[in-house]
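Residue numbers (my numbering): 3 to 301. Note that CB positions come from ideal geometry on N, CA and C, so glycine has one too. Predicted, not measured: the structure shown is a model, and the values here were computed from it. What follows is one structure encoded as structure tokens, with my remarks underneath.
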């Protein structure tokens, strides 16, 4: 690996030469020299420096973006070479959208570590769009995303179905209603939704089309937990994965609303970029395919 590249990326991410030196187990002057040499090789300054900060300039942003891709490809190459021992080991970088990443993936990782203790997973959780982008730029080895995802640059494999339900607080007027609710009732309500770019927001909009409703009152949040809290507080209703609301349903805090066309189903997909997969990554993807947790939930 080009150490100049690694030093430059570390300085950018730590935003400080001293912290970068600590991370790299180098002296601060050595880090500074590596960066100066790297800039000289590129032919221009890449960083704006002051006593308080280190920031990328416009050229630096371009170099940093591609440096991350290069380092990601190098790591993958090295791990593939190591796999000649046929032992599932080494790092894998996993990305997941919020629903799968927060409620299903921890169980998969625990199972992975029991069976393959030499695999070293790191996990990034974000919305579907961001996870796909990180896989596309080789910053993640694999992503698990929600919805019907298509990208010509990525390999996409649907591998599991997710049951989504409309929930309200038990004390909400619709939550306390016996029997099913009409689509007109759903249309009048305030909907607590995820941000644009998330798989759950995509599913919600598809459900609106399926039910023929177009609510005018929407409240948007960037993660699932505040949505659940808002629904429990009676601020509105929401479409969420059944995985997300298991505890709240069991404790009687939330209630599933029954209506024609519900529940709503979507797909979880595995997205990858490289056609070459390490042994560790192959093992992890096999575990995803074999996972029975989603089947148990629907039962």
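Mind checking whether residue i and residue j have CB atoms under 7 Å apart?
i	j	result
residue 111	residue 123	yes
residue 240	residue 147	no
residue 194	residue 140	no
residue 222	residue 204	no
residue 61	residue 17	no
residue 12	residue 25	yes
residue 58	residue 66	yes
residue 265	residue 167	yes
residue 68	residue 36	no
residue 245	residue 100	no
residue 250	residue 256	yes
residue 138	residue 154	no
residue 278	residue 165	no
residue 188	residue 263	no
residue 285	residue 118	yes
Whole-angstrom Cβ separation of residue i and residue j, contact assumed at under 8 Å?
i	j	result
residue 169	residue 233	6 Å
residue 34	residue 19	6 Å
residue 280	residue 82	6 Å
residue 126	residue 199	About 15 Å separates the two Cβ atoms, so there is no contact after all.
residue 150	residue 269	6 Å
residue 191	residue 238	6 Å
Over what stretch of residues does the beta strand (DSSP E) that includes residue i continue unbroken?
i	result
residue 21	First-last for residue 21: 19-26, but that is the alpha helix (DSSP H), not the beta strand (DSSP E).
residue 302	This structure does not reach residue 302, given that the chain is present from 3 up to 301, and the question cannot be answered.
residue 161	157-171
residue 285	Here residue 285 belongs to no beta strand (DSSP E); instead the alpha helix (DSSP H) covers 281-292.
residue 146	144-148
Within its chain, find whatever has a CB closer than 6 Å to the CB of residue i; leave out the 5 residues flanking it on each side and keep chain order.
i	result
residue 136	97, 142
residue 301	In this predicted model, residue 301 has a pLDDT of only 44, less than 50, meaning its place in the structure is not dependable; the value taken from the coordinates is given anyway. Taken in chain order, the list of residues that qualify is empty.
residue 274	144, 157
residue 174	236
residue 291	161
residue 120	91
residue 177	170, 171, 257
residue 50	57, 59
residue 206	195, 241
For the alpha helix (DSSP H) that residue i lies in, which residues bound it at each end?
i	result
residue 124	Not the alpha helix (DSSP H): residue 124 falls in the beta strand (DSSP E), residues 121-127.
residue 133	130-138
residue 114	107-117
Looking only at its own chain, which residues have a Cβ that is under 7 Å from the Cβ of residue i, when we skip the five neighbours before and after it?
i	result
residue 220	193, 195
residue 283	94, 143, 144
residue 159	271, 272
residue 47	41, 59
residue 180	none
residue 80	none
residue 152	158
residue 4	none
residue 29	23
Counting contacts by CB-CB distance shorter than 7 Å, is residue i in contact with chain D?
i	result
residue 101	Annotation note: the requested chain D is absent from the structure, which comprises a single protein chain.
With a CB to CB cut of under 8 Å and the five nearest residues on each side skipped, what residues in its chain are close to residue i?
i	result
residue 288	none
residue 210	216, 217
residue 226	100, 101, 104, 196, 202, 242, 246
*Would you mind listing the beta strand (DSSP E) stretches within the stretch 188-265 that are 3+ residues and don't spill past its ends, in chain order?*
193-196, 220-223, 240-243, 256-258
_alpha helix (DSSP H) segments (min. 4 residues) lying fully within the stretch 6-85_ = 19-26, 30-44, 60-84
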